[in-house]
Amino acid sequence: MSVQYKKIKVKCPVCFSEKIIKLPQTLFQQKKFGNIKVQVSKGLVCDKHPFILFLDNNAVVKGYEKIDFQFDMPIEEEDVELTEDIIAKFSINDILKKWGTYILYNFLHGYIFNYPIYILIRKEIPDLTDSINELFPKFKPTQLNKTGTISSIEFKTYDAIELTEDKSLLIDPSGIVIQSPWSSKLKFEEEIVKKALDIIDVQGQNIIIKKEIEKFLNQADKIVDLLKQVKIIYDVDLIDKLSDELMQPKISNDRLIALREYIARKYDPKIVKKIKNKVREFLRFL
Ligand SMILES: [Zn+2]
């Protein structure tokens, strides 16, 4: 049976160029939570801007998100047999080549933030689950005791077992996020991947990612300490305090959003509610 496609009219959110793209019909036939996310690489809809496209279950466009940074377009490679040697040398570059930046950020987020990750099995696409399982523990600092598990799964099985709740990441190996249980823009993951890509050698890249995750975990621990001492704290004050205590430059708002999500999952969702937004509080009084 040949693959059925759905045609979708897509508009670049930056320059508004339009094009019809085709996606496999099966993507929309599964029970799932939230929108499907597709990384639209440069050249697919317009030549200048990559972006993320959000689609609902009826393939209706629900929105777009701009991407500031993109690694080279995924390169179509001939399928090579996955020998032990190739699996051992597998790196983030391979994920980037196969799937692009956005899928890599999603994998990292699921792994670090401890969400179950499923990669759908498709006959025509090689299954890279083993390679990813070999690679990701190389990023794992000892403090990170629980990570997301990565497994491959059949469409039908996933439907039956996992979709009773919306707590897992589901990736289609054609490079599409079918389901993700967070609303985060994955800026933290973008930051660490950018840093790692400054290094050419693979071992060096792995060390950079591990160090960056370590730094993130230390920031999370410190924030938990600080929150235990107060009833409420404004985000701006928390960022100042954290910088003082760790003797590090001030973290960005995006980093604080990622830390809040991590702390809520690892420690307690209530403790992060102590962090208030100064601008929002101020607006409430107007
Ligand atoms: Zn454009």
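To get our numbering, take the position in the sequence shown, counting from 1, and add 135. We treat Cβ as the ideally placed atom computed from N, Cα and C, and that holds for glycine. It should be emphasised that the depicted structure is a prediction, and the values quoted were computed from it without experimental measurement.
- Distance from the CA atom of PHE290 to the CA atom of PRO159, rounded to whole angstroms, is 13 angstroms.
- The C-alpha of PHE248 lies about 20 angstroms from the C-alpha of ILE410.
- Scanning its chain for C-beta atoms nearer than 8 angstroms, with the 5 sequence neighbours on each side dropped, one finds around LEU255 the residues SER287, ILE288, GLU289, PHE290, TYR293, LEU305, ILE306, ASP307, PRO308 and ILE313, in chain order.
- Around ligand 1, the residues whose beta-carbon falls short of 6 angstroms from at least one of its heavy atoms are CYS147, VAL149, CYS150, SER152, CYS181, LYS183 and HIS184, given in chain order.
- Just measuring C-alpha positions, the residue of CYS147, ILE221, LEU279 and SER152 sitting nearest PHE189 is CYS147.
- Note on geometry: alpha-carbon atoms of LEU279 and LEU352 lie some 8 angstroms from one another.
- With fewer than three CB-CB distances shorter than 8 angstroms, the segment 263 to 272 does not count as touching the segment 316 to 334.
- Between ILE348 and LEU394, the CB-CB gap reaches or exceeds 8 angstroms.
- Taking the Cα positions, PHE151 is about 12 angstroms away from PHE186.
- Residues LEU361 of the same chain have their beta carbon placed closer than 7 angstroms to that of LYS376, with the five preceding and five following residues left out of the count.
- Here ASN170 is near LYS197, since their CB atoms are less than 8 angstroms apart.
- Pairing GLU380 with ASP229, the inter-Cα distance amounts to about 38 angstroms.
- For a cut-off of 8 angstroms, the C-beta gap from VAL180 to LYS201 is around 13 angstroms, too long to register as a contact.
- According to the DSSP assignment, PHE189 belongs to the beta strand (DSSP E) that extends over 186 to 190.
- Beta-bridge annotation (DSSP): TYR397 is not paired with any residue.
- Per DSSP, reduced to three states, the secondary structure at PRO272 is helical.
- For GLU324, the three-state secondary structure derived from DSSP is helix.
- Annotation for ILE156: no alpha helix (DSSP H) segment contains it, though the beta strand (DSSP E) segment containing it runs 153 to 159.
- Under the DSSP assignment, TYR253 falls in the beta strand (DSSP E) whose first and last residues are 252 to 255.
- Sequence-distant partners of ILE392 (beyond 5 residues in either direction) whose C-beta falls short of 7 angstroms from its own C-beta, in its chain, are SER319.
- Between LYS177 and the set TYR397, ASP389, GLY235 and PRO272, the nearest pair of CA atoms involves GLY235.
- Check the Cα spacing between LYS401 and each of TYR250, GLN364 and LYS157: the tightest is with TYR250.
- Taking the Cβ atoms as the reference, LEU231 lies roughly 6 angstroms from LEU239, within the contact range of under 8 angstroms.
- If the five residues before and after ASP333 are omitted, its C-beta is found closer than 7 angstroms to no C-beta atom of its own chain.
- Within its own chain, the residues whose Cβ lies closer than 7 angstroms to the Cβ of ARG390, once the five positions on either side in sequence are excluded, are PHE323, listed in chain order.
- If you draw a 10 Å sphere on the C-beta of GLU416, you find fewer than 16 other C-beta atoms in it, and that means exposed.
- Straight across, the Cα-Cα distance linking LYS345 with SER303 is about 23 angstroms.
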